[in-house]
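Since the structure comes first, as structure tokens, the remarks are kept for the end.
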Amino acid sequence: MAQALVRFLARQWTERDGVERRLIAGCMGIFGHGNVAGIGQALAEQGAGTRDPLPYYPARNEQAMVHTAVGYARQSDRLSTLACTSSIGPGATNMVTGAALATIDRLPVLLLPGDLFATRVSSPVLQELEDPRSYDVSVNDCLKPVSRFWDRVNRPEQLPAALLGAMRVLADPAETGAVTLALPQDVQAEAYDWPEELFARRVWHVARPVPEPAALTRAAGLLRGSRRPLIVAGGGVRYSGACAELARFARRHGVPVAETQAGKGAVPYDHPCAVGAIGHTGTRAADTLAREADLVIGVGTRYSDFTTASRTLFRQAGFLNVNVAAFDAAKHAAETLVADAREALRALDDVDWRADPRWTARAAELAASWQAETDRFYGGTELTQPVVLGVLNAVAAGGVVVTAAGSMPGDLHRLWRASGPGQYHVEYGYSCMGYEIAGGLGVKLAAPEREVFVLVGDGSYLMMAQEIATAVQEDVKLVIVLVDNHGFASIGALSESVGALRLGTAYRTRGPDGRLDGERLPVDLAANAASLGAGVLTAADPRTLRAALLRAVASPRTTVVHVETVPGPAPAAEAWWDVPVAEVSGLAEARAARERYDEAKREQRPYL
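Numbering (UniProt numbering), first residue to last: 1 to 608.
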């Protein structure tokens, strides 16, 4: 059965606009008793002359290999991804976090965890979760709520239906996310005669749904009634290849364009209608316009709480949402245009209408003012985090910057100057610490011709750095900028803002009174990176940082540039984020925080 599975996956393709790609471009795996004799044996049996072999990539952590598949899928605009196989037990449950990330971010990954014996002859087997309510429960059931499709293949005859169902969801931009096929270890090793057609080359057409005429008429009416529109560009703009259409629509109709984390780079930062990041991590330009807009045109966005500033940002606006998924299009009681972003923008471009010229001019002035402020943050003489980003932004032209959780996504969202799509890769739907290096590996595997710059804080690095060894083993070159501020600086600031006094957010020993405020931990992250096989460079100021980055770019090997940052000016949040504060507390700081919280809470609206 496992041999049939591998052969099938190697023959699956996607096609959009006449361009074909392998749907499953390879398989990452860590082997144990749940998959070594099945999928492991099947991958090993592939010979050099095998037609369409399925490449195998090693990994060091099961969560990390799912992150790698997500990075690959996003860089491939959701048209190609990787499979991930694990043993039963902890190997499978380690993939739950990665599966949740993929599904939240609307990105396709295929998970192939080993499972218990379907025959149950050896139960309880090693790592089996025994549930007294049912013998049909395994730890793989944990993957059900975080998967868009889940099935357990208890008999070889079930394989064709399970595989076709899995591929359908992976290739559907409106349904995609994590897909799980739980594979009992005895069934993986069973022989069966499948029809030859199962192994034929199969091409999954990725459709471009066009707007319904009646919905398009309603949308045109909203546009004609708007004087102060604002576009919120999400990841769907990029995934549908609609960036050129968005840039043309915005310029022709005079509509400012703000971008979510997933949508950043949808228009170049210097486009005349670009106003930058939107929401809690947004620019002053975009957030000011959001408060004044009378119509929000959401294109390919799922409207996270960061985008809406926890529903406090769009104070006067109605919503027109363009999305291939009806679920996302219907958010905030919007007028919906359920369609492919590129096709919808082309149709809306024909509407005879323009925004108020004074509104367009005001947006341009606000955007210019923000660019001047960005220059100020980038231009410091000490290695603050914004200065690090400024040096990297100058060096990384044409490359891809990758990061995830912490304070860097906020600073990047506001400050990074992306000149086009595919240059900005920030995982912020799940805001998962540890994604950075593994995700960067996936980006590089998908786009080997591009320089990939991974930005990772010391907190995330200590959670998941081991995929450096995979990059070295596979000769996949990354430039990793390790920003070391000796703790969880982002959550520390949040902790302070809600009256929690930065508890547990600094890497320090315990002092004489038992508090975690003693000496800094003697952790040498640069030495750790070198021990994993990476080249290591250090930087002490903007000049040496630039030199180190240029050396890393010139090097053929994965290189870590270790930077110790200092506190300094950084762009403040221009919009609120709803993090509940203790309603009663003995701490004065918490009581003051609650007063601020109650005041901000009054600005929330239902968007009805």
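The beta-carbon is built from N, C-alpha and C at its ideal position, and this holds for glycine as well.
Exercise. For Tyr428, which residues from the same chain have a beta carbon less than 6 angstroms from its beta carbon, with the 5 sequence-adjacent residues on both sides left out?
Worked result: Gln261 and Pro409
Exercise. Between the C-alpha atoms of Ala42 and Ser86, what's the straight-line distance to the nearest angstrom?
Worked result: 14 angstroms
Exercise. Is Leu230 closer than 7 angstroms to Val296 when the C-beta atoms are compared?
Worked result: yes
Problem set entry | Coil, strand or helix - Asn61 by DSSP | coil
For this session: Compute the beta-carbon to beta-carbon distance between Ala73 and Leu111, rounded to the nearest angstrom, for a pair I have assumed lies under 8 angstroms.
Result: With 8 angstroms as the limit, Ala73 and Leu111 do not qualify as a contact, their Cβ atoms being about 13 angstroms apart.
Exercise. Between which two residues does the alpha helix (DSSP H) containing Val553 stretch?
Worked result: Pro542 to Ala554
For this session: Could you say which of Asn94, Arg302, Phe306 and Leu313 lies nearest to Glu292 if we only look at CA atoms?
Result: Leu313
Problem set entry | Proximity to Val210 [Cα-Cα], best of Thr381, Ala341 and Val452 | Ala341
Exercise. Should Gln127 go down as buried or exposed, given a rule of 16 or more other Cβ atoms within 10 Å for buried?
Worked result: buried
Exercise. Given Asn485, which residues of its chain have a CB within under 6 angstroms of its CB, disregarding the five upstream and five downstream residues?
Worked result: Thr565
For this session: Can you give me the Cβ contacts of Leu337 inside the same chain, cut-off strictly under 6 angstroms, excluding the 5 residues immediately before and after it?
Result: Pro211, Ala215, Ala219, Val322 and Ala344
Exercise. With contact counted as at least three CB pairs below 8 angstroms, one residue from each stretch, are the segment 191-201 and the segment 10-21 in contact?
Worked result: yes
Exercise. Does the separation of the CB atoms of Glu175 and Arg208 fall below 7 angstroms?
Worked result: no
For this session: Below 6 angstroms CB to CB, which residues in the same chain sit around Ser240 once its five sequence neighbours on both sides are set aside?
Result: Asp340, Ala341 and Arg342
Exercise. What runs of the alpha helix (DSSP H), each 4 residues or longer, lie entirely inside the segment 15-47?
Worked result: 41-45
Problem set entry | Length of the line joining the Cα atoms of Lys601 and Thr470 | 46 angstroms
Exercise. Alpha helix (DSSP H) containing Asn528: first to last residue?
Worked result: Leu525 to Ser531
Exercise. Taking Asp598 as the reference, which of Leu608, Val581, Leu462 and Ala529 has the closest Cα?
Worked result: Val581
Problem set entry | Burial state of Val267, where buried means 16 or more other Cβ atoms lie within 10 Å | buried
Exercise. For Gly235, does the count of other Cβ atoms within 10 angstroms reach 16, so buried, or fall short, so exposed?
Worked result: buried
Exercise. Within 7 angstroms (strictly less), CB to CB, does Tyr607 reach chain C?
Worked result: As a matter of chain content, chain C is missing from the structure shown, which is built from one protein chain.
For this session: Under the assumption that Val402 contacts Gly440 (Cβ atoms under 8 angstroms), give the Cβ distance between them as a whole number of angstroms.
Result: 4 angstroms
Exercise. Taking three-plus beta-carbon pairs below 8 angstroms as touching, is the segment 85-102 in contact with the segment 138-153?
Worked result: yes
Problem set entry | Distance, Ala317 Cα to Ala367 Cα | 20 angstroms
Exercise. Does DSSP put Leu521 in a helix, a strand or coil?
Worked result: coil
Problem set entry | Endpoints, beta strand (DSSP E) assigned at Phe488 | Segment: none, Phe488 is in no beta strand (DSSP E) and carries neither H nor E.
Exercise. So is Ser122 buried or exposed if we call it buried at 16+ other beta carbons inside 10 Å?
Worked result: exposed
For this session: Identify every run of the alpha helix (DSSP H) within the UniProt domain "Thiamine pyrophosphate enzyme central" (217-348), keeping only runs that are complete inside it and at least 4 residues long; order them along the chain.
Result: 235-239, 243-253, 284-292, 305-308, 326-329 and 341-348
For this session: Measure the Cβ-Cβ separation of Arg557 and Gly586 and say whether it is below 7 angstroms.
Result: no
For this session: Might you give, ordered along the chain, the residues of its own chain that have their beta carbon closer than 6 angstroms to the beta carbon of Met463, omitting 5 neighbours on each side?
Result: Met433 and Gly434
For this session: Take Val139 and list the residues in its own chain whose beta-carbon comes closer than 6 angstroms to its own, dropping the five residues that flank it on each side.
Result: Ala92, Thr93 and Leu129
Problem set entry | Three-state secondary structure (DSSP) of Trp13 | strand
Exercise. Going along the chain, which residues of its own chain have a beta-carbon closer than 6 angstroms to the beta-carbon of Leu223, five neighbours each way excluded?
Worked result: Val351 and Trp353
Exercise. At which residue ranges does the segment 428-459 contain complete alpha helix (DSSP H) runs of 4 or more residues, listed in the order of the chain?
Worked result: 435-446
Problem set entry | Pair within 7 angstroms by beta-carbon distance, Val187 and Met1 | yes
Problem set entry | Cross-strand partners of Ala539 (DSSP beta bridge) | Val563
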